[in-house]
Structures are given as C-alpha cells and as structure tokens.
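Structure, as structure tokens:
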Amino acid sequence: GGSGGGRPWWAWWAGAGRCSAPTSTQAAVVAASEQVAEVEHEAGAASAQPVLTLADVGDITGRNTIPESSIGGVTTCIVCMAQPKSHLAVPCGHQCACGTCAEQMQLCPYCRVPVREWLQVRMV
C-alpha cells in the first residue's frame, strides 16, 4: 500500500539515509495504518446512516430523564445510575456508589479492589 510510483513504501526512508530496509516495527506500523484506512473506508460507507445521540433517544422514547452518569455526569452512582454517589470505598478511595448499592458490594465497582469498608461522605 501507499504511494511512490511502484517503489517500496520504505524507499523514502532509505533515500533519506536512515536505513536500508524496514524494521519489523515499521512494517507493523504500515500494516496497522493500512488496516485503519480500510476500516475508515468501510465506516465511510456506513456513515450515511443517521447517528442518534442520547438526547435524540430521549425525544424518541419520551424519556428525557436519562441518568446523568450515562452522559458523563460525576455525581450519580455508577451501579444503579439513579441515586447520588454518597459512599467511598476503602482502601481505594473511589466515591462511586450510593448507600443502597454500597451495602451490596464487596468489590469496588470502579476498580474491582476488595472493599474493607464503605464510608458515607457528607459534603458541606
């Protein structure tokens, strides 16, 4: 693949006096680049289809109350996505769950580290 009028893809590199043949790393990079180009080409054909956003889905379904954690919010429990994050896992320190979900979790739902205890966080 690539351009160069029939010359090997690495000819420009060799012509610059840097090396005389591609390394396995260079060959892997070129192969990966060609795969990316192929996938982008295939994706281009599919791009004629409309892309729906979460807001569009809410409009279509009539449910505009999408939990903020599903759209990048930082205050909603990552387990139930309905209640505010109120509990912090020890020892990892991730504040990621509400009290109801924390009671049921032995592993941090964010990093999967065993939780010794859950601490309720009270913001002031």
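Sequence positions in the sequence shown follow mature numbering (1 follows the signal peptide of the UniProt record, and there is no 0) and run -27 to -1, 1 to 97.
Using N, Cα and C, we set each Cβ at its ideal position, and we do this for glycine too.
Just so it is clear, the structure is predicted and the values come from calculations on it, not from any experiment.
Item to complete: Using alpha carbons as the reference points, say which of Cys81, Gln93, Pro87, Cys84 lies closest to Gly72.
Response: Out of Cys81, Gln93, Pro87, Cys84, Gln93 has the C-alpha closest to the C-alpha of Gly72.
Practice prompt. Determine the burial state of Ala55: buried for a count of at least 16 other Cβ atoms within 10 Å of its Cβ, exposed for fewer.
Written response: Exposed, since its Cβ has fewer than 16 Cβ neighbours within 10 Å.
Fill in: Other residues of its chain near Pro87: CB distance less than 7 Å, five sequence neighbours each side excluded
Here the set comprises Gln79, Leu80.
Worksheet item: Which two residues bound the contiguous alpha helix (DSSP H) that contains Cys74?
Response: Per DSSP, Cys74 belongs to the alpha helix (DSSP H) from 72 to 77.
Worksheet item: Looking at the unbroken beta strand (DSSP E) that takes in Leu61, where does it start and where does it end?
Response: Boundaries of the beta strand (DSSP E) harbouring Leu61: 60 to 63, taken from the DSSP string.
Worksheet item: Where does Thr(-3) sit, in a helix, a strand or coil, going by DSSP?
Response: Here Thr(-3) carries a helix assignment [DSSP, helix/strand/coil].
Worksheet item: How should His14 be labelled, buried or exposed, when 16 other C-beta atoms within 10 angstroms of its C-beta is the threshold for buried?
Response: By the 10 Å Cβ count, His14 comes out exposed.
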